[in-house]
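In the working numbering, the protein residues as written are 106 to 432.
Virtual Cβ for every residue (Gly too), placed ideally from N, Cα, C.
Structure first, commentary second.
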């Protein structure tokens, strides 16, 4: 019996050590590994202004605290089927943390990786995307930064400049949960103001030009969602809008740099920095569950002056007032 008791005691100790080792992995570097070189895998859904800034801001913050950090950046180039292999490779490379930029990237990372902390960004609604259930106390190994901004606020600001707006067009990717959430919010805001919403879904970037052509007779304004396909197609979208003298506004400033008229939205560079701060906390040992999902409360007005001129706006001075100008 004594031998059996000793054996069971040793077995219990072994299980405890294994559990502690697993917990230290999902909650960052342990104190014994504090001098270890940090390795971070970044999976970015596609290449466009907003996501590029999210990556840049994140890397800036990481390098402040871990100057020698090894950062492995992989871009899926808009192909969601590449996400599983990318994050699986990060596991094989024994990354200490994964940074997932955009909803499909975050969903793919969460579905596959259970033993490495994940920080996401450029996700509008983390709950409906299935990333977390509790924004204040994220369960599991994932938390991050939302790019949500009040569509109602943006719409009201736009209508102050274009009060005659009756119908708003919105293009969206049929593959993004983020987009569906934003469209429903836009519809609610427009319904209260007796404004119609015409929505067109597209599967890929090749369908954008034709989809925009279908809008021209039915809308007098356009809203560019925080949508990866829309962001990647902003130049084509803005060209079609300018041809038909249709003013536009965007959820964030990236599309404004590519021709959309204006935005009163979030700064993705700042959101990336915030995600970097959260990653540093985790890498230093803070449990993921103690780091709530972050929502920005700040917005900034940005206008494309050249697009305003091409639209021949009578109130151009008013549109550009108090805005950071992109020429």
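Just to confirm the assignment, what range does the alpha helix (DSSP H) spanning residue 217 have?
Position 112 of the chain shown, counted from the start, is the residue given in the question as residue 217. Looking at the DSSP string, the run of the alpha helix (DSSP H) that includes residue 217 is 208 to 217.
Limits of the unbroken alpha helix (DSSP H) element including residue 343
Residue mapping note: residue 343 aligns to position 238 of the chain shown, counting from 1. Counting along the chain, the alpha helix (DSSP H) containing residue 343 begins and ends at 339 to 348.
Tell me which same chain residues have a C-beta within less than 7 angstroms of the C-beta of residue 310, skipping the five on either side of it?
Within the chain shown, residue 310 is the residue found at index 205, counting from 1. Closer than 7 angstroms at Cβ, skipping near neighbours: 334, 337, 338.
With distances taken Cα to Cα, identify the nearest neighbour of residue 433 among 283, 328, 318, 282.
Nothing in the structure corresponds to residue 433, since the chain is present only between 106 and 432.
From residue 429 to residue 322, what distance separates their C-alpha atoms?
Taking the first residue of the chain shown as 1, we reach residue 429 at position 324. Taking the first residue of the chain shown as 1, we reach residue 322 at position 217. Straight through space, the alpha carbons of residue 322 and residue 429 are spaced by roughly 31 angstroms.
Per DSSP, what kind of secondary structure is residue 368 in: helix, strand or coil?
As a position in the chain shown, residue 368 is number 263, starting the count at 1. When DSSP states are grouped into helix, strand and coil, residue 368 belongs to the strand group.
May I ask which residues mark the beginning and end of the beta strand (DSSP E) holding residue 272?
The residue you call residue 272 lines up with position 167 of the chain shown. Residues 272 to 278.
Cβ neighbour criterion (16 or more within 10 Å) applied to residue 150
Here residue 150 refers to the residue found at position 45 of the chain shown. Around the CB of residue 150, 16 or more other CB atoms lie within 10 Å, so the residue is classed as buried.
By DSSP's criteria, residue 144 is part of a beta bridge. Which residues make up the other side?
Residue mapping note: residue 144 aligns to position 39 of the chain shown, counting from 1. Partner(s): 175.
Once DSSP output is grouped into helix, strand and coil, what is the label at residue 373?
On the chain shown, residue 373 is found 268 positions in, with the first residue counted as 1. In the structure shown, the three-state DSSP call for residue 373 is helix.
Nearest-angstrom Cα distance between residue 181 and residue 315?
Within the chain shown, numbered from 1, the residue matching residue 181 stands at position 76. Within the chain shown, numbered from 1, the residue matching residue 315 stands at position 210. CA-to-CA, the gap between residue 181 and residue 315 works out to about 25 angstroms.
Can you find the residues in the same chain that come closer than 6 angstroms, C-beta to C-beta, to residue 179, ignoring five residues on each side of it along the sequence?
Within the chain shown, numbered from 1, the residue matching residue 179 stands at position 74. Same-chain partners within the cutoff: 148, 191.
Proximity below 8 angstroms, CB of residue 343 to CB of residue 371
Counting from 1 along the chain shown, the entry for residue 343 is found at position 238. Counting from 1 along the chain shown, the entry for residue 371 is found at position 266. For the pair residue 343 and residue 371, the CB atoms are not nearer than the 8 angstroms cut-off.
How many Å lie between residue 290 and residue 173 at the Cα?
The residue labelled residue 290 in the question sits at position 185 within the chain shown. The residue labelled residue 173 in the question sits at position 68 within the chain shown. One C-alpha to the other measures close to 43 angstroms.
Is the beta carbon of residue 225 less than 8 angstroms from the beta carbon of residue 249?
As a first step, residue 225 must be located in the chain shown, where it is residue number 120. As a first step, residue 249 must be located in the chain shown, where it is residue number 144. Yes.
Is residue 226 helix, strand or coil by DSSP?
In the chain shown, residue 226 corresponds to position 121, counting from 1. Reduced to three states, the DSSP call for residue 226 is strand.
Between 417, 218, 360, which lies nearest to residue 146 when the distance is taken from Cα to Cα?
Translated into the one-based positions of the chain shown, residue 146 becomes position 41. Per the Cα distances, 218.
Decide if residue 127 is buried, meaning its Cβ has at least 16 other Cβ atoms within 10 Å, or exposed.
On the chain shown, position 22 is the one that residue 127 refers to. In this predicted model, residue 127 has a pLDDT of only 45, less than 50, meaning its place in the structure is not dependable enough to derive any value.
By the DSSP assignment, the beta strand (DSSP E) with residue 354 in it spans what residues?
Locating residue 354 in the chain shown gives position 249, where the first residue counts as 1. Counting along the chain, the beta strand (DSSP E) containing residue 354 begins and ends at 353 to 357.
Report buried or exposed for residue 348, applying the criterion of at least 16 other Cβ atoms within 10 angstroms of its Cβ.
As a first step, residue 348 must be located in the chain shown, where it is residue number 243. Exposed.
When you compare only the Cα positions, how much space is there between residue 251 and residue 229?
Locating residue 251 in the chain shown gives position 146, where the first residue counts as 1. Locating residue 229 in the chain shown gives position 124, where the first residue counts as 1. Looking at the backbone, the Cα of residue 251 and that of residue 229 are separated by about 5 angstroms.
Determine whether the beta carbon atoms of residue 354 and residue 331 lie at a separation below 8 angstroms.
Within the chain shown, residue 354 is the residue found at index 249, counting from 1. Within the chain shown, residue 331 is the residue found at index 226, counting from 1. Contact flag unset, no.
By DSSP's criteria, residue 166 is part of a beta bridge. Which residues make up the other side?
Walking along the chain shown from the start, residue 166 turns up at place 61. For residue 166, which the question treats as bridged, DSSP gives no partner whatsoever.
Output yes or no for whether 8 angstroms exceeds the beta carbon distance between residue 378 and residue 160.
Sequence index remark: in the chain shown, residue 378 carries index 273 (1-based). Sequence index remark: in the chain shown, residue 160 carries index 55 (1-based). For the pair residue 378 and residue 160, the CB atoms are not nearer than the 8 angstroms cut-off.
Determine whether the beta carbon atoms of residue 398 and residue 156 lie at a separation below 8 angstroms.
For the purposes of this step, residue 398 is taken as residue 293 along the chain shown, with counting starting at 1. For the purposes of this step, residue 156 is taken as residue 51 along the chain shown, with counting starting at 1. In this structure, the beta-carbon distance from residue 398 to residue 156 does not fall below 8 angstroms.
Nearest to residue 154 (by Cα), restricted to the options 424, 388, 373:
Numbered from its first residue, the chain shown carries residue 154 at position 49. Per the Cα distances, 373.
For residue 139, does the count of other Cβ atoms within 10 angstroms reach 16, so buried, or fall short, so exposed?
For the purposes of this step, residue 139 is identified with residue 34 of the chain shown, where counting begins at 1. Low confidence applies to residue 139: its pLDDT is 48, below 50, so where it sits in the model is not reliable, and the reading given next is rough at best. By the neighbour-count rule (16 or more Cβ atoms within 10 Å), residue 139 is not buried but exposed.
Let me confirm a value: residue 274 is counted as buried when at least 16 other C-beta atoms fall within 10 Å, else exposed. Which label applies?
Within the chain shown, numbered from 1, the residue matching residue 274 stands at position 169. It is buried - the Cβ of residue 274 has at least 16 other Cβ atoms within 10 Å.
Give a yes or no on whether the C-beta atoms belonging to residue 206 and residue 214 are separated by under 8 angstroms.
Position 101 of the chain shown holds residue 206. Position 109 of the chain shown holds residue 214. Not in contact: residue 206 and residue 214 (Cβ atoms no closer than 8 angstroms).
Would you kindly work out how many angstroms separate the C-alpha atoms of residue 288 and residue 294, rounded to a whole number?
In the chain shown, residue 288 corresponds to position 183, counting from 1. In the chain shown, residue 294 corresponds to position 189, counting from 1. Going by C-alpha positions, residue 288 is about 10 angstroms away from residue 294.
Is the beta carbon of residue 351 closer than 8 angstroms to that of residue 272?
Position 167 of the chain shown, counted from the start, is the residue given in the question as residue 272. Position 246 of the chain shown, counted from the start, is the residue given in the question as residue 351. With a cutoff of 8 angstroms on beta-carbon distance, residue 272 and residue 351 are scored as not near each other.
May I ask which residues mark the beginning and end of the beta strand (DSSP E) holding residue 363?
Taking the chain shown and counting its residues from 1, the one referred to as residue 363 is at position 258. It is not in any beta strand (DSSP E) - residue 363 carries neither H nor E in the DSSP assignment.
Shortest alpha-carbon distance to residue 268 belongs to which of 326, 221, 394?
For this step, residue 268 is matched to residue 163 along the chain shown. Sorting 326, 221, 394 by C-alpha distance to the C-alpha of residue 268 places 326 at the top.
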